[in-house]
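J.:
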Ligand code: FES
Ligand code: FES
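Residue numbers (this note's numbering), protein chains in the order written: chain A, 1 to 783; chain B, 784 to 938.
Right, dumping it as structure tokens:
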């Protein structure tokens with residue numbers, strides 16, 4: 001039964017109050033006594049040798065505290081920035097990753113590369129002093145596009161990495177896929193480009209280091225999605241401080257979308273420098289720095305071949321991708337175009353044979369890593385564009401061809417040829433509902449009506465699947481992950497009956513403070529306003545793995561369920577003792593513990609009080625009510641759904657209007673439908689942004705970032721987007737106690753394919769993302 | 784350093800600032816009113832919107848000295864004591880925010896938008912939000928929040 005604040009209710013968010021009154025506490029809102037300001041000097045060149053850095057004039061500037069460089073860090077034994085996922089190439093060799101010092105030592109490899117930290121009493125003084133630092137650079141040849149970087153005549157970016165190749169990876173059965181293609185009735189062949197994006201969380205990245213010489217402890221406030229991972233890496237690899245002497249706090253964080261997972265140079269430098277200078281140091285990126293130095297997303301060049309029989313059944317699928325990883329391997333950069341990409345190429349379909357190979361190339365651009373969806377949007381784009389084009393080429397309806405290929409609902413668990421085991425799903429149901437909602441059968445009439453007005457109308461599908469809830473630690477360990485991907489939760493009752501839940505997940509907009517509280521309130525009968533969710537501080541919460549990959553509810557929420565189980569188990573013993581019954585006779589429901597067949601009962605609050613004031617208490621039970629659980633998932637979860645987009649193009653102006661958007665998603669059980677719907681909206685906006693507006697462009701000649709501000713990088717604004725119609729179906733996940741699958745990335749994964757299928761349907765012609773008015777106009781005019 | 788004086792959220796304030804100090808810096812650093820945010824350096828995102836003499840303004844686009852003598856309202860001054868402004872309530876009621884970073888500027892822009900228009904439909908609200916970027920919500924629930932608040936504010 002759904003109560004007003006329990007599982008399944010659209011509870012208004014508990015966290016909103018502080019944000020709507022301007023009392024959110026983001027990093028730049030924090031100021032420490034004696035605080036200094038850091039300003040990073042960055043490379044103006046795409047590739048250059050540093051001959052010398054002269055700080056003598058700058059060190060005389062007013063307010064200057066110090067200027068720190070790469071050699072200073074090396075001298076202090078600070079280790080380089082690492083990549084946390086090892087990929088093995090086809091030939092059995094490990095991926096190649098260049099040493100990545102947090103401040104450049106001898107070379108700069110991209111525009112925006114961190115060269116020195118200027119520390120001063122005010123930000124203006126730091127900026128002014130930076131102007132006085134003389135750096136002698138010697139420019140070297142650079143390369144921007146991954147295709148060019150992997151060509152035989154490309155400039156060499158790292159001395160020890162021949163051909164700029166980090167790895168050449170494969171998955172699936174090459175011979176079987178090629179055999180299927182060779183003997184198929186029809187083969188669809190396409191080159192597809194997944195455009196490079198810049199994540200653009202609205203709060204820029206920032207870091208504030210504070211050193212306590214009395215305790216020798218460093219506190220690092222940083223804009224992180226996973227503060228414990230930051231602490232672990234900064235201790236174990238960068239040697240900034242031992243783990244027990246480093247506290248990492250991610251306060252209110254203004255959006256992440258992946259870009260705040262990674263351990264960046266700037267926070268590493270601030271954590272080290274605060275101790276060196278024994279002063280608090282704050283650095284906040286301005287937006288230009290964010291554009292230059294946040295990890296970018298996507299950037300794939302792909303050739304794909306899909307083989308069909310005469311009925312449109314898929315026989316085989318072969319995909320070759322070149323992935324641009326930027327100039328260094330960022331924290332999870334190697335996992336994104338491999339295990340988060342190749343493993344999802346099966347889509348929602350029965351595909352007898354799949355083969356995928358990925359070459360990852362270094363370029364003189366910012367590092368590329370996970371951005372909302374991370375590999376899965378790229379996979380969905382390839383699968384859903386290929387099947388749509390296959391349908392067009394074979395004259396089969398695009399909805400019908402998908403239905404012919406869907407994995408049937410009775411085939412679970414379903415093992416794909418690319419190592420995933422889907423636990424549950426009902427793909428045809430989602431498609432039926434989406435077709436009904438958009439009135440698919442009425443499309444031809446609507447198209448004719450548009451044509452009368454001189455407009456081109458198009459409709460496009462995306463039947464996406466993603467792997468979320470990452471991930472079983474043993475499985476990802478065998479695939480190269482350097483960490484486990486479980487989650488922690490601590491459910492701590494206070495003597496008066498209120499609860500604080502400490503979670504290793506981190507909310508930066510997802511609404512955990514509400515969703516997680518709903519779970520506790522629902523299961524233990526505690527009024528929701530007496531449940532506090534605490535996250536983001538390694539000094540408070542148990543070691544946790546953080547939030548990304550739509551994992552918080554499936555993994556972090558499941559950890560809370562496990563801790564609740566322990567609370568219930570202990571409470572039963574206390575109730576049995578107090579009520580003079582045997583433990584086996586105690587029944588629990590929603591925080592009420594009763595003796596079966598009697599009216600004797602105790603509430604959770606009474607039991608919690610008894611646990612802290614154990615005057616009449618079972619001898620073999622510890623006092624207190626404070627239970628911790630760690631949950632390691634059994635499998636990924638597999639959210640899936642069908643999205644249909646309908647567009648109208650004005651061939652005279654090239655503008656695309658999105659007339660309708662229907663999203664039917666299967667997220668398993670839903671805890672808070674309002675929050676889920678909001679997550680879908682946000683994901684769709686980013687996916688539509690990719691397909692229609694956003695594009696990260698570096699100038700090939702100069703290596704400069706051309707789209708380095710909101711005047712050049714086109715962010716989706718309110719009047720670029722339609723009103724979405726969002727529905728869910730609920731096939732419970734079978735592998736976690738909540739039956740949930742995850743919803744944070746679905747929109748971003750699904751939208752680009754749906755929209756490009758609709759636009760190319762209207763145009764009757766292929767174009768690449770983003771479908772800018774100019775490109776659309778050229779295509780419409782036959783230019 | 785010039786001295787500036789203005790009224791912020793009903794309180795008279797004055798301080799010595801350098802002539803190139805932005806209004807947003809003055810609000811955040813001098814007055815410690817950190818609900819006004821900075822999301823860009825090109826006057827494009829609207830995270831910094833406050834009201835200057837009753838009109839919404841991007842406080843990153845003004846110098847503090849240009850606000851000499853002005854009446855400023857920031858997000859902290861929008862509620863009447865514990866009584867939230869209908870726009871604030873509506874954002875919570877309609878899930879018009881996720882990470883909350885754009886929200887304060889969004890609310891300040893939205894209040895001005897509703898104050899200045901007679902009839903607001905979906906399209907005119909979306910057009911009115913041209914100067915505010917939100918990366919989280921896809922705007923749908925922001926539009927809904929503003930529609931609901933507009934009804935409330937008319938009543
Ligand atoms: S900070 Fe003022 S518009 Fe972005
Ligand atoms: S709520 Fe995060 S940017 Fe708008």
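C-beta: ideal position from N, C-alpha, C; glycine also.
With 8 Å as the threshold, decide whether the Cβ of residue 529/A is near any Cβ in chain B.
T.: no
J.: Compute every distance between the C-beta of residue 918/B and the non-hydrogen atoms of ligand 2, then say whether any falls below 7 Å.
T.: For ligand 2, at least one heavy atom lies less than 7 Å from the Cβ of residue 918/B.
J.: Taking the continuous beta strand (DSSP E) assigned at residue 316/A, which residues delimit it?
T.: Per DSSP, residue 316/A belongs to the beta strand (DSSP E) from 314 to 324.
J.: Quick check on residue 190/A: does DSSP put it in helix, strand or coil?
T.: strand
J.: Per DSSP, which one or two residues make a beta bridge with residue 49/A?
T.: Bridge partners of residue 49/A: 107/A and 138/A.
J.: Under the rule that 16 or more other beta-carbon atoms within 10 Å means buried, what is residue 439/A, buried or exposed?
T.: By the C-beta density criterion, residue 439/A is exposed, having fewer than 16 other C-beta atoms within 10 angstroms.
J.: Determine whether the beta carbon atoms of residue 315/A and residue 421/A lie at a separation below 8 Å.
T.: no
J.: Going by the CB atoms, is the gap between residue 299/A and residue 331/A shorter than 8 Å?
T.: No, Cβ-Cβ distance for residue 331/A and residue 299/A is not below 8 Å.
J.: Would residue 728/A and residue 667/A be called neighbours here (beta carbons separated by less than 8 Å)?
T.: yes
J.: Give the single residue among 556/A, 684/A and 597/A whose Cα lies nearest to the Cα of residue 582/A.
T.: The shortest C-alpha separation from residue 582/A is found at 597/A.
J.: Could you give the first and the last residue of the continuous beta strand (DSSP E) run that contains residue 73/A?
T.: For residue 73/A, no beta strand (DSSP E) run applies; the uninterrupted alpha helix (DSSP H) run containing it begins and ends at 70 to 75, by DSSP.
J.: Under the criterion of a Cβ to heavy atom distance below 7 Å, does residue 883/B qualify as lining ligand 2?
T.: yes
J.: Can you name the start and end residues of the alpha helix (DSSP H) that residue 783/A belongs to?
T.: Segment: none, residue 783/A is in no alpha helix (DSSP H) and carries neither H nor E.
J.: Helix, strand or coil: how does DSSP classify residue 427/A here?
T.: Looking at residue 427/A - three-state DSSP - the assignment turns out to be helix.
J.: When the cut-off is 8 Å and only beta carbons count, does residue 505/A lie next to chain B?
T.: No, no contact with chain B.
J.: Would the C-beta of residue 830/B count as close to ligand 1, meaning under 7 Å from any of its heavy atoms?
T.: In this structure, the C-beta of residue 830/B approaches ligand 1 to less than 7 Å from one of its heavy atoms.
J.: For residue 684/A and chain B, any beta-carbon pair shorter than 8 Å?
T.: yes
J.: Who are the neighbours of residue 862/B on chain A, taking C-beta pairs under 8 Å?
T.: 21
J.: What is the residue span of the alpha helix (DSSP H) that residue 893/B lies within?
T.: 886 to 899
J.: Pop quiz: residue 730/A and residue 460/A are said to be a contact at Cβ under 8 Å. What is the actual Cβ separation, rounded to whole angstroms?
T.: About 25 Å separates the two Cβ atoms, so there is no contact after all.
J.: Strictly under 8 Å for the Cβ-Cβ distance: is residue 750/A near chain B by that measure?
T.: no
J.: Any idea if residue 677/A is buried or exposed, counting beta-carbon neighbours within 10 angstroms, 16 or more meaning buried?
T.: buried
J.: Evaluate residue 142/A with the Cβ neighbour count: other Cβ atoms within 10 Å of its Cβ, from every protein chain shown; 16 or more gives buried, anything less gives exposed.
T.: buried
J.: Counting only beta-carbon separations shorter than 8 Å, does residue 329/A have a partner in chain B?
T.: Answer no: the Cβ-Cβ gap between residue 329/A and chain B never drops below 8 Å.
J.: Whose C-beta lies closer than 8 Å to the C-beta of residue 811/B among residues of the same chain, with five residues either side of it excluded?
T.: 817, 819 and 821
J.: Give the residues from the region 888 to 905 of chain B that approach chain A closer than 9 Å (Cβ to any Cβ), ordered along the chain.
T.: From the region 888 to 905 of chain B, only 890 and 905 have a Cβ closer than 9 Å to chain A.
J.: Any contact of the region 258 to 273 of chain A with the region 9 to 24 of chain A, i.e. 3+ C-beta pairs under 8 Å?
T.: no
J.: In the DSSP assignment, the beta strand (DSSP E) including residue 660/A goes from what residue to what residue?
T.: Element bounds for residue 660/A: 656 to 666.
J.: Can you tell me whether residue 87/A is helix, strand or coil according to DSSP?
T.: coil
J.: Please classify residue 25/A: is it buried, with 16 or more other beta-carbons within 10 angstroms of its beta-carbon, or exposed?
T.: exposed
J.: Since residue 200/A meets chain B, which of its residues come closer than 7 Å, beta carbon to beta carbon?
T.: 918
J.: Quick one: list the residues of chain A neighbouring residue 924/B, beta-carbon separation under 9 Å, in chain order.
T.: Those within 9 Å of residue 924/B in chain A are 674, 677, 678 and 681.
J.: Would you kindly check if the distance between the Cβ of residue 595/A and the Cβ of residue 585/A is under 8 Å?
T.: yes
J.: Restricting to runs no shorter than 3 residues, where is the beta strand (DSSP E) found entirely within the region 557 to 631 of chain A?
T.: Taking only runs of at least 3 residues, the beta strand (DSSP E) segments lying wholly in the region 557 to 631 of chain A are 586 to 589, 592 to 595, 601 to 603 and 626 to 631.
J.: Closest by CA to residue 385/A, which one among 571/A, 319/A, 540/A and 603/A?
T.: 319/A
J.: Let's see if you can read the secondary structure: which residues bound the beta strand (DSSP E) around residue 794/B?
T.: For residue 794/B, the enclosing beta strand (DSSP E) begins and ends at 794 to 799.
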